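When the sequence shown is numbered by full-length UniProt numbering, its final residue is 87 and no position is left out of the sequence of numbers.
Where is the CB? At the ideal position from N, CA and C, for every residue including glycine.
If you're wondering where the values come from, they're calculated on a predicted model, not measured in any experiment.
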Amino acid sequence: MLSVPLYALLIIYAIFLIIFFIFFVINLFHIVLTGTTTFTSFVATFLIMAATVLAIYCTWYYLQNTDWTQTMTIWNNSWFSNSSNTF
């Protein structure tokens, strides 16, 4: 049986958030350093930042009661050992 703890998904999500934050900071520096600080770039950046904060808040809200020590079974040989089952 191959099982993975749920906190492995949390680690993958955290890595994704770190990479996203790095690209977001690079984008902000690019906007400031190239002098493209227009109203349109401000609105677009604000909308992306607001959507990101909303997504992180919703993630926290829905996953706050999750038991991260539970395991998720990815593969179990007993699923295929009983040949009398038909689909």
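Check: Straight-line gap, Trp75 to Val4 (C-alpha atoms, nearest Å); Outcome: 10 Å
Check: Helix, strand or coil at Trp68 according to DSSP, with G and I counted as helix; Outcome: coil
Check: Backbone secondary structure at Thr45 - three-state DSSP; Outcome: helix
Check: Unbroken beta strand (DSSP E) run spanning residue 126, endpoints; Outcome: A query on residue 126 cannot be resolved here, the shown segment of the chain reaching from 1 to 87 and no further.
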